[in-house]
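Presented below is the structure to which this report refers.
Residue numbers (the working numbering): 51 to 305.
Structure representation (structure tokens):
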């Protein structure tokens, strides 16, 4: 494997992972509003850490265009993951998020011991994405993520406050006695209920033995409240980007 910086451009932030010999040796995060600084930091790291390639997975095209332009001006080798450039997952459709493709590519490579795997990604959106043990996309589901639900409640009502999702070590309340806790607990338990019902329906539809992997920024709030996840991997998307980029290498470039 070559040394690579993988870049996951999500709806909220940019996450970068430095891979050396297939392992993550460094992680960094940037807000979308700091794209120029993120690009500069990536370029500097590529020089100082002897990086061979920068692989980019993005669900925000305007941000990825700016980032790629900066890196190419600074003569960095860039590989952008799209549904056309990835070769690990079959049966996808054009608008399927590349982050979801990366998730199931990593799930299949790292965790799939049964007939299929399902990834639950708890981010800006909460998504379910299924894959077979042969690497075929088996469908999925999308709804509002936890933070997005908090914001939607505040923006759609006059009196409900805006809540920040954070893990303060306190479990949600089964019954709350103030508005803030009622929103926090209600939304978190709502996500748990959605995920558990999704998995029940997906298993019935697939009729396959399934491994379930949780990931995403809000998964740490949800995972302690459910037995739905067989594995929890906060870096799943980064691993998937690396696997896809590695598979796309010209054989002559492989270490």
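Glycine included, each C-beta is placed from N, C-alpha and C at the ideal position.
Where residue 130 falls: helix, strand or coil (DSSP) = Numbered from its first residue, the chain shown carries residue 130 at position 80. The three-state secondary structure of residue 130, taken from DSSP, is strand.
Going by beta carbon distance, what residues of the same chain come within less than 6 Å of residue 192, once the five residues before and after it are set aside?
-> Stepping through the chain shown from its first residue, residue 192 is reached at position 142. Result list for residue 192: 175, 177, in chain order.
With DSSP run on the structure shown, which of helix, strand or coil describes residue 79?
-> Position 29 of the chain shown, counted from the start, is the residue given in the question as residue 79. Of the three classes helix, strand and coil, the one that applies to residue 79 here is strand, per DSSP.
For residue 73, write down the residues that DSSP places opposite it in a beta bridge.
-> Within the chain shown, numbered from 1, the residue matching residue 73 stands at position 23. In DSSP, residue 73 forms a bridge with 70.
Hey, would you say residue 310 sits closer than 9 Å to residue 249, going by beta carbons?
-> In the structure as shown, the chain starts at 51 and stops at 305, and residue 310 therefore has no counterpart that could be examined.
Who are residue 263's beta bridge partners in DSSP?
-> Along the chain shown, one-based indexing puts residue 263 at 213. For residue 263, which the question treats as bridged, DSSP gives the partners 169, 281.
Distance CB(residue 109)-CB(residue 59) smaller than 9 Å = Position 59 of the chain shown holds residue 109. Position 9 of the chain shown holds residue 59. With respect to the 9 Å criterion, residue 109 and residue 59 are classified as neighbours on the basis of their beta carbons.
Boundaries of the alpha helix (DSSP H) in which residue 298 is found, first to last residue | Numbered from 1 along the chain shown, position 248 holds the residue referred to as residue 298. Annotation: residue 298 is outside any alpha helix (DSSP H) and is labelled neither H nor E by DSSP.
From 78, 179, 72, 83, pick the residue whose C-alpha is nearest to that of residue 102; which is it?
-> Mapped onto the chain shown, residue 102 falls at position 52. Of the candidates 78, 179, 72, 83, the residue whose Cα lies closest to the Cα of residue 102 is 72.
Are at least three pairs of beta-carbons, each pair with one atom in the stretch 152-170 and one in the stretch 230-237, less than 8 Å apart?
-> The stretch 152-170, when compared against the stretch 230-237, does not touch it at the 8 Å Cβ threshold.
Between the C-alpha atoms of residue 135 and residue 298, what's the straight-line distance to the nearest angstrom?
-> Reading the chain shown from its first residue, position 85 is the one you call residue 135. Reading the chain shown from its first residue, position 248 is the one you call residue 298. Between the alpha carbons of residue 135 and residue 298 lies a distance of about 7 Å.
Alpha-carbon spacing of residue 320 relative to residue 98, whole angstroms | Any property of residue 320 remains undetermined from this structure, which presents the chain solely from 51 to 305.
Specify the secondary structure class of residue 137 as computed by DSSP and reduced to three states.
-> Locating residue 137 in the chain shown gives position 87, counting from the first residue. Note: residue 137 maps to coil in three-state DSSP.
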